[in-house]
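For the record, the sequence lines run as chains A and B.
So the first sequence is numbered by this note's numbering: it starts at 1 and just counts up by one.
So the second sequence is numbered by this note's numbering: it starts at 1001 and just counts up by one.
We put the beta carbon where it would ideally sit given N, CA and C, even for glycine.
Here the structure is laid out as structure tokens; the discussion comes afterwards.
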Amino acid sequence: MRIQVNNETVYCYTNSRDIDHNKPSIVFVHGSGMDHTVWTLASRHFARHGNNVISIDLPGHGRSSGNPLARVEEMAAWVISVLDTLGINQAAVVGHSLGSLIALECAASHGDRVRAIAMVGTTSPMPVSDAILNAAEADDHAAFDMLTQWGFSKRHQFGGNRNSGIWMIGNTLRLYERSRPGVLFHDMRACNEYTAGIEQAVKVACPALLILGAEDRLTPVRGTRALQEAIPSPLVEVLPGAGHTIMVEAPNAMLDALHQVL
Amino acid sequence: MAAPDYPGLDTLALHAGAQPDPATGARATPIYQSASFCFPDSDYAASLFNIERAGHVYSRLSNPTNAVLEERIAALEGGVGAIATASGQAALHLAIITLMGAGSHIVASAALYGGSHNLLAYTLPRFGIETTFVDPRDPQAFANAIRDNTRLIFGETLGNPSLDVLNIPAIAEVAHAAGLPLMVDSTTTTPYLIKPFELGADIIQHSATKFLSGHGIVIGGLLVDSGQFDWEGSGKFPTLSEPYEGFHNLIFTEEFGPAAMIQRARKEGLRDFGACMAPTSAFHILQGIETLSVRMGRHVENTRTITAFLLEQEQVTRVGYPELDGHPDQALAKELLPKGCGAVFSFDLAGGREAGIAFVDALSVFSHLANIGDAKSLVIHPASTTHHRMDAKALAAGGIGEGTIRLSIGLEDPKDLIADLKQGLRAAGKVAGGNR
């Protein structure tokens, strides 16, 4: 489905269904440099389970037009604009990495519009190394390589995908390579500069679930303590063997975990 | 954090796609010789059928042993995914029927494996898919043959049997300028000798029966998708970019992005045509791939020794190996295949067809059979066997003469191979002498 928000085209994957205002809604938000396809399995699942699924391409990503937004706060406001355009009063927001910060910000700043959040592969603050930022700013392929390498657990450097026939490293690299020049840098910088996460987390009033990869090297579990302490009564699932790319590395376990809040 | 460094080819050949078996801890990839897999509950079953969860339903569609092989070849080639098929021919067919239907057209190299040539020249036209064959050494010929209904450009990395080196970068440029993908058959080169995706190819087909396995005990094929081709941008591939009624109007490019082609091939072609690989075959191929680099290096080394020997023989009128002086693709081979041009090559004997037959019949270390890429050395006379369906004109276009002999050099001691070849040359010489 394509809609217009702020005079730009926004692509929302909806499992080829129209929005049914009698159903609960779930917004899926991808991470840096990615697009809606990272949520295909989960979107299909929750669509079959009676939800409106809206898996978005952020501005400048995938099939959405426009320029990437600079700040997490802007991205959260934009997600709310998407809900406005679709006539959805309240939704759950599921986000991965950068998308998880957007979910957090949605819940904190637009609490009346958010019924639950799930933060997948997350932490806050989410500092990004100079090596990645510099490479991304230069549109150097090394940025894709670093994020792909560190985005998977060490064991998954060799694959072992439960989704048959898909080489998870290759598929992730191709997704980064499809991103438009400069997009990854904008996203990485937004992660790096979003320093209000802990302060905002305290304001989360809806059910909140953190799904963490036990072997995540980009947002390690040990770095999530402050976030876990700030969010009131968070649910936390640590998935063994998974790194940062949890939707790919542990798709079934993630799906099961999401049912706690969706 | 240390700088990122992807695992190398040898490491991937041993490990990619495999994890110690979660049920038993077995280090080797187990053979999951099971037709189907139990569902823990009805919702789980529904979610597998509806592509919501990762897992296995039925071994025609996917199988845990096959999945390891598929990931391994995708990793070795640098693609997004792969499908294991019943044979190399099944992989070629799967690619074609995934991308096009009746009324479509293919531009292919004229120097193809006989089975591939037959599929394209005689069988597919019955289903409304035509092919124009062109000189593999002429990228402009590929461009000239492209029509509005062309949907695929196809060639072999090393043409069969005359080893024309496919100029992948140039032909990929031609293909992409026309909004078309380039598929290459990399059976004789394997990812050890060439990485076609890095050179611009979009799809790779393997007969895994050959060098990937090395042992000659299994039939299997592999189809690998680079994930680099823009199917939507091309606008010529509605099977990938428009709703598919066979799966609740799923649009593959929309839901699977870079993996659209390989997912459609699995969800439709593998499901409906059913040319899946047996799990035991996948296991056997995995055993071969583990030693790919070691074997391919030795294959090439032995081949260089044998071609040098043959060049010195008076009865040998031509040795067709791209590394040799006089081969028209020598410079291109150095550029695209710096580690070697494989271990399959042809040479011409004086004395024509009778000399060729006498030569083959006199060999004892070389096995006379219709295969290549075995650890054992192999020999065949193409004009009377693998390419017998081709008329004289097509044979000539493929660089095959009446006295052409094709060798697949194995891993034996080279001195024993040379002794065997000398025996064959003596027998051929007697026939040639009798003819004079």
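Using three-state DSSP, classify Arg1436 (chain B) as helix, strand or coil. Here Arg1436 (chain B) scores only 41 on pLDDT, less than 50, and its place in the model should not be relied on; the value that follows carries that caveat. The answer is coil: DSSP assigns Arg1436 (chain B) none of H, G, I, E or B.
Assign Tyr1321 (chain B) to buried or exposed, taking buried as 16 or more other Cβ atoms, counted over all protein chains shown, within 10 Å of its Cβ. buried
Pull out every residue of the region 1012 to 1033 of chain B whose Cβ sits closer than 8 Å to any Cβ of chain A, in chain order. Leu1012, His1015, Ala1016, Gly1017, Ala1018, Gln1019
Cβ-Cβ separation, Ala1111 (chain B) to Gly1159 (chain B) (assumed contact under 8 Å), whole Å: 3 Å
Residue interval of the beta strand (DSSP E) (run including Met1183 (chain B)): 1182 to 1185
Assuming Glu165 (chain A) and Gly1340 (chain B) form a contact by the criterion Cβ under 8 Å, report the distance between their Cβ atoms to the nearest whole angstrom. Residue identity differs from the one stated: residue 165 (chain A) is Gly in this sequence, not Glu. About 29 Å separates the two Cβ atoms, so there is no contact after all.
In the region 40 to 53 of chain A, which residues sit with their C-beta less than 7 Å from some C-beta in chain B, listed in chain order? For the region 40 to 53 of chain A, the set of positions with a beta-carbon nearer than 7 Å to some beta-carbon of chain B reads Thr40, Leu41, Arg44, His45, Arg48 in chain order.
Along the chain, where does the beta strand (DSSP E) containing Val1165 (chain B) start, and where does it finish? Looking at the DSSP string, Val1165 (chain B) is not in any beta strand (DSSP E), and its letter there is neither H nor E.
In chain B, what lies closer than 8 Å to Tyr176 (chain A) by C-beta? Within chain B, no residue comes near Tyr176 (chain A); the closest Cβ sits about 10 Å away, beyond 8 Å.
By Cβ distance below 6 Å, which residues in the same chain neighbour Gly1401 (chain B) in space, the five residues on each side in sequence not counted? Asp1348
Please go through the region 20 to 63 of chain A and give each complete alpha helix (DSSP H) segment of 4 or more residues, from N-terminal end onward. Within the region 20 to 63 of chain A, the complete alpha helix (DSSP H) runs of at least 4 residues are 40 to 48.
Would DSSP call Met119 (chain A) helix, strand or coil? strand
Between which two residues does the alpha helix (DSSP H) containing His1284 (chain B) stretch? 1279 to 1289
Identify every residue that forms a DSSP beta bridge with His96 (chain A). A:Val120
DSSP three-state assignment for Val5 (chain A), whether helix, strand or coil: Val5 (chain A) sits in a strand when the DSSP states are folded into three classes.
Nearest chain B C-beta to Pro232 (chain A) closer than 9 Å, yes or no? No, its Cβ sits nowhere closer than 9 Å to a Cβ of chain B.
Val1224 (chain B): first and last residue of the uninterrupted beta strand (DSSP E) it sits in: 1221 to 1225
Taking one C-beta from the region 1030 to 1044 of chain B and one from the region 1239 to 1255 of chain B each time, how about it: are there three or more such pairs within less than 8 Å? no
Please classify Cys12 (chain A) as buried or exposed, where buried requires at least 16 neighbouring CB atoms within 10 angstroms. buried
Quick one, which residues of the region 1067 to 1087 of chain B are near chain A if we go by CB-CB under 7 Å, in chain order? Ala1067, Glu1070, Glu1071, Ala1074, Ala1075, Gly1078, Gly1079, Val1080, Gly1081, Ala1082, Ile1083
Run through chain A and tell me which residues come within less than 7 Å of Ala1259 (chain B), C-beta to C-beta. Ile166, Asn171
What's the call for Val206 (chain A), buried or exposed, on a 16-neighbour Cβ count within 10 Å? At residue 206 (chain A) the sequence reads Cys, which differs from the Val that was named. Cys206 (chain A) comes out buried.
Does the beta carbon of Thr9 (chain A) sit closer than 9 Å to a beta carbon anywhere in chain B? no
At least one CB of chain A closer than 9 Å to the CB of Glu947 (chain B): is that the case? Here chain B has residues from 1001 to 1436 only, and residue 947 (chain B) is not among them.
Is it buried or exposed for Val93 (chain A), if we count other Cβ within 10 angstroms and need 16 for buried? buried
Between B:Glu1255, B:Arg1264, B:Phe1229, B:Val1224, which has its C-alpha nearest Thr1239 (chain B)'s C-alpha? B:Arg1264
Closer than 8 Å, Cβ to any Cβ of chain C: which residues of the region 7 to 38 of chain A, in chain order? Absent from the structure: chain C. Protein chains present are A and B.
Neighbour flag for Ser1062 (chain B) against chain A, beta carbons, 9 Å: yes
Scan the region 145 to 197 of chain A and note each continuous alpha helix (DSSP H) run of 4 residues or more that stays entirely inside, going in chain order. 168 to 178, 183 to 193
Reference Gly1114 (chain B), options B:Ala1178, B:Ser1162, B:Ala1074, B:Leu1076, closest by Cα: B:Ser1162
Assign Asn1302 (chain B) to buried or exposed, taking buried as 16 or more other Cβ atoms, counted over all protein chains shown, within 10 Å of its Cβ. buried
At 4 residues or longer, and completely inside the region 1238 to 1268 of chain B: list those alpha helix (DSSP H) runs for me, N to C. 1238 to 1241, 1252 to 1256, 1260 to 1264
Who are the near neighbours of Ser1293 (chain B) in its chain, counting only those whose CB is closer than 8 Å to its CB and skipping five residues on each side? Leu1009, Asp1010, Ala1013, Tyr1192
Would you say Leu1411 (chain B) and Phe1366 (chain B) are within 9 Å of each other, going by their C-beta atoms? no
Could you say which of B:Ala1394, B:Gly1399, B:His1056 lies nearest to Thr1132 (chain B) if we only look at CA atoms? B:Ala1394
What residues of chain A sit near His1056 (chain B), judged by a beta carbon separation below 8 Å? Ser164
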